[in-house]
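Residue numbers (UniProt numbering), protein chains in the order written: chain A, 1 to 488; chain B, 1 to 488. All C-beta atoms, glycine included, are put in the ideal place defined by N, C-alpha and C. Note that the structure is a prediction, hence the values are computed from the model and not measured. Encoded as structure tokens, the structure appears first; notes follow it.
Protein chains: 2
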Amino acid sequence: MTMNEFLGDPRNLTMLMDYYQLTMSNGYLSHGYKDTIVYFDMFFRKIPDKGGFAIACGLEAVVKYIENLKFHEEDIEFLRDKKIFSEDFLDYLRNFKFTCDVWAVPEGTVIFPNEPIITVRGPILEAQLIETMVLLTINHQSLIATKTNRIVRAAQGRNIMEFGSRRAQGYDGAIYGARAAYIAGAIGSSNVYTDKEMGIPAIGTMAHSWVQLFGDEYEAFKAYAETYPDNCTLLVDTYNVLRSGIPNAIKVSKEVLEPLGKRLKGIRLDSGDMAYLSKECRRILDEEGLWDCKIVASNSLDEFIIKDLISQGAYIDTFGVGERLITSKSEPVFGGVYKLVAVEENGEIAPRIKLSENVEKVTNPHYKGLWRLYEGKTGKAIADILTLHDENIDETKPYVLFDPVFTWKKKVVENFTAKKLQVKIFEKGQLVYNLPNIEEIKDYCREEVNSLWDELKRFENPHNYYVDLSEKLWKIKNDLIEQYRDKI
Amino acid sequence: MTMNEFLGDPRNLTMLMDYYQLTMSNGYLSHGYKDTIVYFDMFFRKIPDKGGFAIACGLEAVVKYIENLKFHEEDIEFLRDKKIFSEDFLDYLRNFKFTCDVWAVPEGTVIFPNEPIITVRGPILEAQLIETMVLLTINHQSLIATKTNRIVRAAQGRNIMEFGSRRAQGYDGAIYGARAAYIAGAIGSSNVYTDKEMGIPAIGTMAHSWVQLFGDEYEAFKAYAETYPDNCTLLVDTYNVLRSGIPNAIKVSKEVLEPLGKRLKGIRLDSGDMAYLSKECRRILDEEGLWDCKIVASNSLDEFIIKDLISQGAYIDTFGVGERLITSKSEPVFGGVYKLVAVEENGEIAPRIKLSENVEKVTNPHYKGLWRLYEGKTGKAIADILTLHDENIDETKPYVLFDPVFTWKKKVVENFTAKKLQVKIFEKGQLVYNLPNIEEIKDYCREEVNSLWDELKRFENPHNYYVDLSEKLWKIKNDLIEQYRDKI
Chain A
1 MTMNEFLGDP
11 RNLTMLMDYY
21 QLTMSNGYLS
31 HGYKDTIVYF
41 DMFFRKIPDK
51 GGFAIACGLE
61 AVVKYIENLK
71 FHEEDIEFLR
81 DKKIFSEDFL
91 DYLRNFKFTC
101 DVWAVPEGTV
111 IFPNEPIITV
121 RGPILEAQLI
131 ETMVLLTINH
141 QSLIATKTNR
151 IVRAAQGRNI
161 MEFGSRRAQG
171 YDGAIYGARA
181 AYIAGAIGSS
191 NVYTDKEMGI
201 PAIGTMAHSW
211 VQLFGDEYEA
221 FKAYAETYPD
231 NCTLLVDTYN
241 VLRSGIPNAI
251 KVSKEVLEPL
261 GKRLKGIRLD
271 SGDMAYLSKE
281 CRRILDEEGL
291 WDCKIVASNS
301 LDEFIIKDLI
311 SQGAYIDTFG
321 VGERLITSKS
331 EPVFGGVYKL
341 VAVEENGEIA
351 PRIKLSENVE
361 KVTNPHYKGL
371 WRLYEGKTGK
381 AIADILTLHD
391 ENIDETKPYV
401 LFDPVFTWKK
411 KVVENFTAKK
421 LQVKIFEKGQ
431 LVYNLPNIEE
441 IKDYCREEVN
451 SLWDELKRFE
461 NPHNYYVDLS
471 EKLWKIKNDL
481 IEQYRDKI
Chain B
1 MTMNEFLGDP
11 RNLTMLMDYY
21 QLTMSNGYLS
31 HGYKDTIVYF
41 DMFFRKIPDK
51 GGFAIACGLE
61 AVVKYIENLK
71 FHEEDIEFLR
81 DKKIFSEDFL
91 DYLRNFKFTC
101 DVWAVPEGTV
111 IFPNEPIITV
121 RGPILEAQLI
131 ETMVLLTINH
141 QSLIATKTNR
151 IVRAAQGRNI
161 MEFGSRRAQG
171 YDGAIYGARA
181 AYIAGAIGSS
191 NVYTDKEMGI
201 PAIGTMAHSW
211 VQLFGDEYEA
221 FKAYAETYPD
231 NCTLLVDTYN
241 VLRSGIPNAI
251 KVSKEVLEPL
261 GKRLKGIRLD
271 SGDMAYLSKE
281 CRRILDEEGL
291 WDCKIVASNS
301 LDEFIIKDLI
311 SQGAYIDTFG
321 VGERLITSKS
331 EPVFGGVYKL
341 VAVEENGEIA
351 PRIKLSENVE
361 KVTNPHYKGL
371 WRLYEGKTGK
381 AIADILTLHD
391 ENIDETKPYV
401 LFDPVFTWKK
411 KVVENFTAKK
421 LQVKIFEKGQ
431 LVYNLPNIEE
441 IKDYCREEVN
451 SLWDELKRFE
461 NPHNYYVDLS
471 EKLWKIKNDL
481 IEQYRDKI
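See the structure below:
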């Protein structure tokens, strides 16, 4: 089954929205704003875990949601019973048709705070009604992709497997979490559903219950080796790793697998001191000639513990990471927001702003362009620029970057290439984007992370990447702030 | 739509399981364990946020899942392509029929570590295959119910509204999270889907985009008041609460609502210093005769901030709680596990154990009963006891409690009543439990929390509730530990 076929999730999630989307839309309609064209930006403000960057994920599910948008008669009836919605509005919903333009950064793109990940242009009722699902989808999947990539980087080339379904926050948490993890670098997931529906390789061997059922650990290992001689990984910590699990695994390797011409593929540690146990296991396995038997570890791991284990010289080939990946336990919220940035008035685009006492929280107004500059020589990303939508960045001339808060901080860049990061997804409600398959997204994500300097990838005090405004945009923003200051 | 009709979620989640459930089950079958009857317990080990108790939630969704269990032909094909499953096993899946007995504590029950929340008795293949979904479901919903109840208690009678859909971990995170929140004491949710499908009251008024669209805050408030004169709550922080939002809200109250004989229902604060602003807003509203205008607050709240706001004398009537509730941000994992505790051998129930270097982590073996003792005079819960399944607790005699780890710690209780907490849900695969509706569950949950002493409900160092083993069960557990110690 391909990605596009998976678009057929049988649930209709049209009604999954905050109630105020409906109360507002009903009011927009009754006040004559039905055909008012607006611009919304979806962006986030803070990188989870004090990291240097985040990874955008979830666009495909947003596309699926928009393609399936439909209010059914029972939805209309339900809303009519609220006795606050006009019949005009209920008719509008009954005939709802999405006609907006949507731009987005592709899934797997490296993103930074305050950048429009998704921009929606269209009639305010339509653009408003999709807010909750756009946020829910992008927030969740970007959170897990960002977290997983941290864990993958911590493992320094060792394999990461996603093992968290049982601790996920709901079924979609497990399903779309596994997808985000795979995109961001996990080699597969324990989840069978996501293998069948999305092609994410399913991985797994045995639980403690297998060993407990047989009662005797050797008999349990023997039975497993007989069943799966080509892919035999044994869980060795049900009773005692070094005194029972490893001796029994070696015995099964010699008595069951080797006579068949097979090798013991791996052992798995799921408790205890992983640094000590993995080194002891490696030593014993090597002594017994089982140099090619892999060691898998899987107990409450995350990027910090994996980094620490590696620094202690633990011999672990593969990490199975569960609850701390699938919930992004250290920081389980990706705080994306969806803000009105402009309104078309008499054929002109009028920028809109949301003020805040914290100057960095003031929204970036207007219909914008999002650019990334790359160093010509290395191809590494050096800065992102927000411009007005119709501004161009001329690669042949030096470009002056300046900090949007501390404007005296300036830097001139030369010999760069510039790329617009958003691509068009919907044009007047029609899907015009060819959704890449999951392997393409995964490859693209790897390239994206490779385009970053190492200073951005470290966990402690990563370099602060430039996300600047063009001079024109900066001026518009400041004028708006002044204008509202005068008013109040 | 009633709860039972909602059982018709169109997704088939049968394949949402860890891959090792399938590799193990295939092996059980090929080794002649098809008809072997086993017992699994689902339990958790640690109360989130160092709280005094947790709340069980998610049983209804487990029932729905089990009722819908079915492997489709495309699932069988997918598994055949893995080239490791026997045709016997694929046939078994094709004809899969759930025949287990299932016991569970009802949703809304107060639970403690190491207690069987769910017990499954039946053929090992069936009991094994449901592990992932049982854990995923109960872990997620119990997590959110437990967290919400903390937030509700912190608010000391003020209303809590669930506002977190946009920050939930996936769609089910929003849907079942809203359900768990409502059961545990929230008065409603911003989520429209859960109102329509589950009858959880949807709540909401306006976002900043409403104010931004109109440009002028007074015009925006006026339009909203005209549209919803009976239910007008105004978001007052788009530009400046005290200099713009509140004056405009008062003006609209006097110029639009009062001429219609209506009252301003509320104002909402979504940023800034809630303690200071709420007191100032209250003072100004009262001065203007708007004593009945409610103040709603909704910015990154949780039980700690709410408690702190109340202690500062903040005038807040209702709290809208988002990301920190819907993800249980402070502790986003409910670590439930599903462990084999017994196997039927020659008509006898043979207990099974999983050892650990940490004595408190050793599983409680055997097919058990779970009892709660209540003080006769007050009806307050005093201790829970795990017994063998066929043991009885005689209320007419004193009962000796003793600590399962520090066994010299004893306490005699008299004048108590004893109640078995688990009820039968499935009998030989048939649903024999009448699922309560959501209001019944919510009421029951409130009674459950009321049955606890205050010392258990506090946030700092709550009392450690007794969860003890009967003498018979304790002896069996210790004999098993000794037996395995001798072996290894």
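Note down, in chain order, every chain A residue with its Cβ under 7 Å from the Cβ of residue i.
i, result
"residue 70 of chain B", "The contacting residues do not exist; residue 70 of chain B stays about 14 Å from chain A at best."
"residue 316 of chain B", "The contacting residues do not exist; residue 316 of chain B stays about 19 Å from chain A at best."
"residue 207 of chain B", "20 and 24"
"residue 329 of chain B", "332 and 333"
"residue 212 of chain B", "340, 352 and 354"
Considering Cα atoms alone, identify which of the options is closest to residue i.
i, options, result
"residue 154 of chain A", "A:20, A:325, A:33 and A:37", "A:325"
"residue 216 of chain B", "A:225, A:479 and A:353", "A:353"
"residue 238 of chain B", "A:277, A:413, A:339 and A:220", "A:339"
"residue 15 of chain B", "B:124, B:387, B:133 and B:232", "B:133"
"residue 267 of chain A", "A:319, A:307 and A:312", "A:319"
"residue 302 of chain A", "A:29, A:459, A:17 and A:194", "A:459"
"residue 436 of chain B", "B:54, B:105 and B:97", "B:105"
"residue 280 of chain B", "B:308, B:247, B:363 and B:252", "B:247"
"residue 219 of chain A", "A:244, A:195 and A:392", "A:244"
"residue 46 of chain A", "A:251, A:295, A:468 and A:331", "A:331"
Name the DSSP beta bridge partners of residue i, please?
i, result
"residue 121 of chain B", "B:39 and B:101"
"residue 268 of chain A", "A:235 and A:296"
"residue 44 of chain B", "Its beta-bridge partners do not exist; DSSP assigns none."
"residue 159 of chain A", "A:318"
"residue 229 of chain A", "Its beta-bridge partners do not exist; DSSP assigns none."
Helix, strand or coil for residue i? Go by DSSP, reduced to three states.
i, result
"residue 256 of chain B", "helix"
"residue 171 of chain A", "helix"
"residue 373 of chain B", "strand"
"residue 1 of chain A", "Only weak support exists for where residue 1 of chain A lies, its pLDDT of 33 falling under 50; the value from the coordinates is given anyway. Three-state result, residue 1 of chain A: coil."
"residue 481 of chain A", "helix"
"residue 149 of chain A", "helix"
"residue 469 of chain A", "strand"
"residue 18 of chain B", "strand"
"residue 200 of chain B", "coil"
"residue 316 of chain B", "coil"
"residue 188 of chain B", "strand"
"residue 386 of chain A", "strand"
"residue 417 of chain A", "strand"
"residue 85 of chain B", "coil"
"residue 393 of chain A", "coil"
"residue 275 of chain B", "helix"
"residue 127 of chain A", "helix"
"residue 176 of chain A", "helix"
"residue 488 of chain A", "coil"
"residue 107 of chain A", "coil"
Strictly below 8 Å CB to CB, what residues from chain B border residue i?
i, result
"residue 78 of chain A", "195 and 196"
"residue 483 of chain A", "Going along chain B, no residue has its Cβ under 8 Å from residue 483 of chain A, so there is no contact; the nearest lies around 10 Å."
"residue 92 of chain A", "Ordered by position in chain B, no residue passes the 8 Å Cβ test against residue 92 of chain A, which lies about 15 Å from the chain."
Applying a beta-carbon distance threshold of less than 9 Å, which residues of chain A neighbour residue i?
i, result
"residue 202 of chain B", "18, 19, 22 and 82"
"residue 473 of chain B", "Going along chain A, no residue has its Cβ under 9 Å from residue 473 of chain B, so there is no contact; the nearest lies around 18 Å."
"residue 135 of chain B", "165, 166 and 167"
Please list the partners that residue i has in chain B, where partner means a Cβ-to-Cβ separation under 7 Å.
i, result
"residue 223 of chain A", "27 and 31"
Can you confirm whether residue i, when its beta carbon is compared against all beta carbons of chain E, has any partner nearer than 8 Å?
i, result
"residue 243 of chain B", "The question asks about chain E, but that chain is absent: this structure's protein chains are A and B."
Starting from the beta carbon of residue i, find every residue of chain B whose beta carbon is closer than 9 Å, and list them in chain order.
i, result
"residue 124 of chain A", "209 and 213"
"residue 140 of chain A", "167, 168, 169, 170, 171 and 173"
Mind pulling the chain A residues with CB within less than 8 Å of residue i?
i, result
"residue 240 of chain B", "355 and 488"
"residue 75 of chain B", "196"
Checklist entry - If you measure beta-carbon to beta-carbon, which residues of the region 345-371 of chain A are closer than 7 Å to chain B? => result Listed by position along the chain: 352, 354, 355, 356 and 357.
Checklist entry - Using a beta-carbon distance cut-off of less than 8 Å, what residues from the region 172-195 of chain A approach chain B? => result Within the region 172-195 of chain A, the residues whose Cβ lies closer than 8 Å to some Cβ of chain B are 172, 173, 174, 175, 176, 177, 190, 191, 192, 193 and 195, listed in chain order.
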